[in-house]
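Data block below; observations after.
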Amino acid sequence: MPGLLLLAAALLSSWAQLPAEASSWWSLAMNPVQRPEMFIIGAQPVCSQLPGLSPGQRKLCQLYQEHMAYIGEGAKMGIKECQHQFRQRRWNCSTVDDTSVFGRVMQIGSRETAFTYAVSAAGVVNAISRACREGELSTCGCSRTARPKDLPRDWLWGGCGDNVEYGYRFAKEFVDAREREKNFAKGSEEQGRVLMNLQNNEAGRRAVYKMADVACKCHGVSGSCSLKTCWLQLAEFRKVGDQLKEKYDSAAAMRITRKGKLELVNSRFNQPTPEDLVYVDPSPDYCLRNDTTGSLGTQGRLCNKTSEGMDGCELMCCGRGYDQFKSVQVERCHCKFHWCCFVKCRKCTEVVDQHVCK
Ligand SMILES: *[C@@H]1O[C@H](CO)[C@@H](O)[C@H](O)[C@H]1NC(C)=O
Ligand SMILES: *[C@@H]1O[C@H](CO)[C@@H](O)[C@H](O)[C@H]1NC(C)=O
Ligand SMILES: *[C@@H]1O[C@H](CO)[C@@H](O)[C@H](O)[C@H]1NC(C)=O
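As numbered in mature numbering (1 follows the signal peptide of the UniProt record, and there is no 0), residues -16 to -1, 1 to 342 make up the sequence shown, in order.
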């Protein structure tokens, strides 16, 4: 069937023409990776079929195939958290397709891009650390972190903890691989972007690592808590997201020097630490749809008429104005407690005014 072959060839060549940046391991979040038990025999092709992997990541995929589903899970968690943190902003972290995931906006080395790299790297640390603890991976198990010095003497240290050491190391290897493979001229803009990505990946990983904390469980006669067992536990991912959002707000503007190092644009500010986010390009305003920058624009976005923040109609709609419409909302109401033991509610409908950007 020559027609089909031609079609296939056309698809392949158009795919090959995508710029290198256009596809990313983030796509593992969009194309769920099959569980390892489903492809034990002849496993190799799976890695070559996964979209978005760089050559180095493909090699890691072959070595650590059972990790791939968790990398996908981590990416998904990162994307979801990004969408939560930016839900009320002009750029709302929406995904646009399956291979590039966020589209061309990631080609701009902006604050938003910085956050996205950090939160997705954090997602991978989180997912891999947890998978180790749950015994899902053959190369790692419970955390082997030493007993904290300040843990009371009679508490036991030994529950199975999240393995953040392993999660951190693996995520570093995998997520950074694609940056380390690039070989740009020292001091070039492209090299600046590589350094930016590496710094933000690291900040994301460290947030998860640093926020993991001791958790304990009581034992003893009828819950007397005379005995406690403790272990290392990941922080809730929402807290990691909140922390990285703060880092986004205080991110440092950098530029590449001729010697190939990032330096502050404004030298009066503090030097960023490895836990800080950095960016090299100013953000577009994300107001209008622009296919060159990949901005989707804010037309049609819901806004809050009375808010003066980023979610307010004035800022969200970039001064273009907004349309009002009525929408019916259903809520639970007049809830009564019945003996014993359930709560019964009625359904109330309310007509509310909503506003969308022109
Ligand atoms: C899209 O953005 C680019 C870069 O900021 C700008 O030069 C161009 O004029 C914009 N195009 C439209 C249609 O707004
Ligand atoms: C995010 O923004 C895009 C583009 O403006 C819009 O299509 C999408 O519905 C928004 N998502 C949410 C959850 O508001
Ligand atoms: C709109 O903004 C106001 C002021 O910030 C706030 O009190 C209100 O809860 C917001 N409404 C919605 C629907 O988010």
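Where a beta carbon is used, it is the ideal one built from N, C-alpha and C, also for glycine.
Being a predicted model, the structure only gives us computed values, none of them experimental.
(message) Would you say the beta carbon of Pro268 is closer than 8 Å to some non-hydrogen atom of ligand 5?
(response) Absent from the structure shown: ligand 5. Ligands present: ligand 1, ligand 2 and ligand 3.
(message) Are the CB atoms of Tyr263 and Arg95 within a distance shorter than 9 Å?
(response) Yes; because the gap between Cβ atoms is below 9 Å, this pair is in contact.
(message) Here's a check: name, in chain order, each residue in its chain whose Cβ is nearer than 8 Å to the Cβ of residue 350, leaving out the five neighbours to either side.
(response) There is no way to answer for residue 350, as the model of the chain reaches only from -16 to 342.
(request) Tell me whether Val340 sits in a helix, a strand or coil according to DSSP, three-state version. (result) Looking at Val340 - three-state DSSP - the assignment turns out to be strand.
(request) Assign Ala105 to one of two classes, buried (16 or more other C-beta atoms within 10 Å of its C-beta) or exposed (fewer than that). (result) With 16 or more other Cβ atoms within 10 Å, it is buried.
(request) Note the first and the last residue of the continuous alpha helix (DSSP H) segment covering Val148. (result) In the DSSP assignment, Val148 falls within the alpha helix (DSSP H) that extends over Val148 to Arg164.
(message) I'd like to know whether the C-beta atoms of Ile112 and Ile55 end up nearer to each other than 9 Å.
(response) Yes.
(request) Excluding the 5 residues preceding and the 5 following Glu334 in the sequence, name in chain order all residues of the same chain whose CB lies nearer than 6 Å to its CB. (result) Closer than 6 Å at the Cβ level, and outside the excluded window around Glu334, lie Gln313.
(request) Please classify Phe154: is it buried, with 16 or more other beta-carbons within 10 angstroms of its beta-carbon, or exposed? (result) Of the other Cβ atoms in all chains shown, 16 or more fall within 10 Å of the Cβ of Phe154; this residue is therefore buried.
(request) Look at Lys223 and Leu261 and say whether their C-beta atoms are less than 9 Å apart. (result) Remark: C-beta atoms of Lys223 and Leu261 do not approach each other more closely than 9 Å.
(request) May I ask you to report which of helix, strand or coil DSSP gives Glu247? (result) In this structure, Glu247 counts as strand in the three-state DSSP scheme.
(message) Between Ser210, Leu299, Gln283 and Ala13, which has its C-alpha nearest Val85's C-alpha?
(response) Closest by alpha carbon: Ala13.
(request) Assign Ser311 to buried or exposed, taking buried as 16 or more other Cβ atoms, counted over all protein chains shown, within 10 Å of its Cβ. (result) Exposed is the label assigned to Ser311, since fewer than 16 other Cβ atoms lie within 10 Å of its Cβ.
(message) Checking 9 Å against the spacing of the C-beta atoms, do Leu218 and Ala196 come in under that value?
(response) It is a contact, given that the beta carbons lie within the stated cut-off.
(message) Is Asn274 a contact residue of ligand 1, with contact defined as CB to any heavy atom under 8 Å?
(response) Answer for Asn274: yes, Cβ within range of ligand 1.
(request) Output the boundary residues of the alpha helix (DSSP H) element that contains His51. (result) Counting along the chain, His51 sits inside no alpha helix (DSSP H), nor does DSSP assign it H or E at all.
(request) Counting only the same chain and skipping the five closest in sequence on each side, list residues whose C-beta sits under 7 Å from that of Phe70. (result) Asn76 and Cys77.
(request) Whole angstroms is fine: what's the gap from Arg189's alpha carbon to Ala102's? (result) Taking the straight line from one Cα to the other gives about 7 Å.
(request) Check whether the Cβ of Thr213 lies closer than 8 Å to any heavy atom of ligand 1, and answer yes or no. (result) Incorrect: Thr213 has no Cβ contact closer than 8 Å to ligand 1.
(message) If distances are taken between C-alpha atoms only, which option among Pro39, Cys301, Thr79 and Pro258 comes closest to Asn15?
(response) Of Pro39, Cys301, Thr79 and Pro258, the residue nearest in Cα terms is Thr79.
(request) On a CA-only basis, which of Glu186, Asp160, Gln183 and Cys214 is nearest Gly142? Give me that one, please. (result) It is Cys214 whose Cα lies nearest to the Cα of Gly142.
(message) Do Asp307 and Arg88 count as a contact pair if the criterion is CB distance below 9 Å?
(response) No, these two residues do not count as a Cβ contact at 9 Å.
(request) Classify Arg242 as buried or exposed, calling it buried when 16 or more other Cβ atoms lie within 10 Å of its own Cβ. (result) Under a 10 Å Cβ-count criterion, Arg242 is classified as exposed, with fewer than 16 other Cβ atoms of the shown protein chains found around its own Cβ.
(message) Taking 7 Å as the limit between beta carbons, can you name the residues of its chain near Glu298, skipping five residues before and five after?
(response) Excluding five sequence positions before and after Glu298, none of the CB atoms of its chain fall closer than 7 Å to its own CB.
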